[in-house]
Structure formats: structure tokens, C-alpha cells
Amino acid sequence: GGSSAMPHKANPVRSTLIAAAARRAPQLAATLYGSLAAEDERPAGAWHAEWEPLRDLLRLTGGAARDAAELAEGLRVRPDAMRAHLGLTHGLIVSERLSAELAPVLGRARARELLTELAARAYAEDRDLGELLAGVTELRDLDLAVPTDPARYTGAAATLTDRALERR
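Count along the sequence shown from 1, then add 881; that gives the number in this note's numbering.
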């Protein structure tokens, strides 16, 4: 939805509705769970207590699913903007990955010390972490092109994407 004070701003209405539903659902589910205890086949009160929370829970989850689908339909991937945003970190977005790559070579303590030092320099000198790493003599025999490329730091994204597309 639009902002009343700032016309250029779009408020995340669908996300807010999904988050609100997620906050209400556990209590409704708890009522349903509590109603499972039956001292008889159809105990008085227990199954009656399910009616309203079940309706509310179905309405909430259905609405949240609808909002999530509409929210996802509106997503637009803008690789140029994504690359620019990644660049704002001076390459530090991959520092965790680099730490794991460098620890076996330098030792965990030295890898952390080096990355901490280079992170400070990257911001102070407005330079990329990969560029600074290339100047480290201890690392001259390592090919750090892949570990310093955020586009290749995707974790399980490919597997999860394939799994999601198989379901469609």
C-alpha cells in the first residue's frame, strides 16, 4: 500500500499480513491441540471448542498463502541492481566463505586475523576484498577467484529452486 506521508514509498502490506497470520496461528493451533484430549468419544465442549479456532486458522492460512503467492508474483529479479548492492560491501559479503577456505591454509586464527585486517582496509581504502587478498604473499599460490565471487556463493539455492520447480 501507498504511504500517506511519502508518495514514493510502498508499504509492505502483504508481508505484514503474512507476519500477522504467523503470529496468530500458534495460539489457534494450541486450542485445536488441546481439544484432542477426549475422555469420551465426543466429549462435551472439546469438539465445540475447535469450531471457531479451526475456521480462524483456515482463514488465516488461506489468506497468508494467497498473499504469499501474490507477493511472489510481483518479484522482479534485477541482476544489475543486485550486483551493485553486493558491491557496497567491498566484497565482504563472502568473508565467511573465505574464512572457511583460508583456515586450512593459514590456520583458523591467522585466517580470521587477516580477514579482519583486510575488512577494515577495504572500507578505509574503498577497495575490494579480493583485490586486497591478491596482494597477500601468503596466498599467492591460491586461486581465490571463485571464493571471492558472490555470484558463486549460493549455498543450497540451486537444489532448493529445482525442488520447488519440480512441485509446480
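We treat Cβ as the ideally placed atom computed from N, Cα and C, and that holds for glycine.
All figures in this text were calculated on a predicted structure; none of them were measured in a lab.
Assumed close pair E1012, L987 - CB separation to whole angstroms, cut-off 8 angstroms = For E1012 against L987, the beta-carbon gap comes to about 19 angstroms, at or over 8 angstroms, which does not count as contact.
query = Would you call the stretch 947–959 and the stretch 892–902 touching, i.e. three or more CB-CB distances under 8 angstroms?
reply = Yes, the stretch 947–959 is in contact with the stretch 892–902.
task = Using only alpha-carbon positions, find the residue among L999, V1017 and S980 that is nearest to H971.
result = Of L999, V1017 and S980, the residue nearest in Cα terms is L999.
inquiry  = When you compare the CB positions of E982 and L1025, do they come within less than 9 angstroms of one another, or not?
reply    = A contact, by the Cβ cut-off of 9 angstroms.
inquiry  = So, does the stretch 907–918 touch the stretch 930–939, judging by three or more C-beta pairs under 8 angstroms?
reply    = The stretch 907–918, when compared against the stretch 930–939, does touch it at the 8 angstroms Cβ threshold.
ask   = Quick one: what does DSSP say A1032 is sitting in, helix, strand or coil?
value = Residue state for A1032 is assigned as helix, using DSSP reduced to three classes.
query = For the putative contact between L973 and A1003, defined by C-beta atoms under 8 angstroms, what is the C-beta separation to the nearest angstrom?
reply = Indeed, because the Cβ distance is near 6 angstroms, the residues count as touching under 8 angstroms.
inquiry  = For R904 and T942, what's the separation of their Cα atoms in angstroms?
reply    = Cα to Cα, R904 sits roughly 11 angstroms from T942.
Between the CA atoms of S980 and R1050 - distance to the nearest angstrom = Any question about residue 1050 goes unanswered here, given that the chain covers just 882 to 1049.
Collapsed DSSP secondary structure at A919 in the structure displayed = A919 sits in coil when the DSSP states are folded into three classes, being neither helix nor strand.
key: Reference A902, options P888, D921, E922 and D948, closest by Cα   = Of all alpha-carbon atoms in P888, D921, E922 and D948, the one lying nearest the alpha-carbon of A902 is that of D948.
task = For A1015, I'd like the list of residues in its chain whose CB is within less than 8 angstroms of its CB, leaving aside the five on either flank, ordered along the chain.
result = Sequence-distant Cβ neighbours of A1015 in its own chain, meaning closer than 8 angstroms and more than five residues away, are L1025.
Proximity of P907 and V975 at Cβ, strictly below 9 angstroms = It is not a contact, given that the beta carbons lie outside the stated cut-off.
inquiry  = Rounding to the nearest angstrom, what Cα-Cα distance links H966 and G926 in this structure?
reply    = Using only the alpha carbons, I get a separation of about 56 angstroms.
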